[in-house]
Amino acid sequence: MADRARRVTGGTTDLWWLGAVAGVVTMLFGLAALFWPGLTLTTFVYLFSAFVLAWGVIAIVHGFVDMTRANMMWWLSLLFGFFAVGVGVYLVRHPLVSFATLILLVGFTLIVRGAVDVVTGLFGAARNSTGQTLAMVAGALGVVAGVWLLTQPESAGVAFVWIVGLYALLFGPLMVALAMDTRTGEA
Numbered sequence: 001m002a003d004r005a006r007r008v009t010g011g012t013t014d015l016w017w018l019g020a021v022a023g024v025v026t027m028l029f030g031l032a033a034l035f036w037p038g039l040t041l042t043t044f045v046y047l048f049s050a051f052v053l054a055w056g057v058i059a060i061v062h063g064f065v066d067m068t069r070a071n072m073m074w075w076l077s078l079l080f081g082f083f084a085v086g087v088g089v090y091l092v093r094h095p096l097v098s099f100a101t102l103i104l105l106v107g108f109t110l111i112v113r114g115a116v117d118v119v120t121g122l123f124g125a126a127r128n129s130t131g132q133t134l135a136m137v138a139g140a141l142g143v144v145a146g147v148w149l150l151t152q153p154e155s156a157g158v159a160f161v162w163i164v165g166l167y168a169l170l171f172g173p174l175m176v177a178l179a180m181d182t183r184t185g186e187a
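For the sequence shown, position 105 (counting from the first letter as 1) is numbered 105 according to the working numbering, and the numbering increases by one without interruption.
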């Protein structure tokens, strides 16, 4: 009863809905990347920077909330959040970045996010095995997409955008499912 009262009064409110919002934003980014055929590099840079900024802010909020709950993995969320915000700010300030630099930034962002999700799934305070599995699948997807981008730099242009868009369309629903699992796990 006391735990429920803290959630209602905002003491340690579980922000499961932030994960759902992040999943929806990820899916919207994926749709834009896949179905915008005339996407230029500069437009993609702005889209990705807005996406990664939103991702980073949500991760920072999660990190601070998890810190108040004595969740041991709070620092990973903060680490990724600050990394993502840094990448987003860099890209907003440098929209004419070279394609090679963009590939490196996107690839490393996906790998870092994937590694954070895998570690959180393995060692985090997930409430059940479904949450752990979803986190690890999402993380593995990020690592695979990031490594593929970094090892296949010759697949320029449309293929690059399709890979990132496809990743976002697969990762977004996993984030929403994880958020819903978190929500039902605390009820």
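We treat Cβ as the ideally placed atom computed from N, Cα and C, and that holds for glycine.
From residue i to residue j, what distance separates their C-alpha atoms?
i    : j    : result
M27  : A20  : 11 angstroms
V116 : V137 : 12 angstroms
G107 : G63  : 23 angstroms
T68  : L78  : 13 angstroms
G23  : G142 : 14 angstroms
V164 : T120 : 23 angstroms
W16  : D66  : 12 angstroms
Can you tell me which of the options puts its alpha carbon nearest to the alpha carbon of residue i?
i    : options                   : result
A85  : A50, T101, L150 and M72   : It is Val, not Ala, that sits at residue 85 in the sequence shown. Looking at the Cα atoms, A50 is the closest of the given residues.
F35  : L105, F48 and W162        : W162
A168 : G139, T184, M67 and N71   : G139
G88  : R69, L47, W74 and T120    : L47
V276 : V25, V97 and W16          : The question about residue 276 has no answer here: the residues shown for the chain are numbered 1 through 187.
D181 : V52, L134, L91 and M72    : L134
T130 : G142, I60, L178 and V118  : L178
F123 : R183, H94, F29 and W74    : W74
I103 : A159, G172, V119 and N128 : A159
L31  : T184, Q132, L170 and R183 : L170
V61  : L18, L91 and G121         : L18
T151 : G172, A100 and G165       : A100
T42  : V52, N71 and L91          : L91
P95  : F29, R183, T40 and L174   : T40
What three-state label does DSSP hand residue i in the structure shown?
i    : result
S129 : helix
S49  : helix
G124 : coil
H94  : coil
T40  : coil
M180 : helix
Distance cutoff 8 angstroms, beta carbons only. Does residue i sit that close to anything in chain C?
i   : result
T68 : Within the model displayed, chain C is absent; a lone protein chain is all it includes.
Does the segment 55-63 come within contact of the segment 71-84, defined as at least 3 CB pairs closer than 8 angstroms? yes
Touch test, the segment 129-146 against the segment 106-117, Cβ-Cβ under 8 angstroms, three pairs minimum: yes
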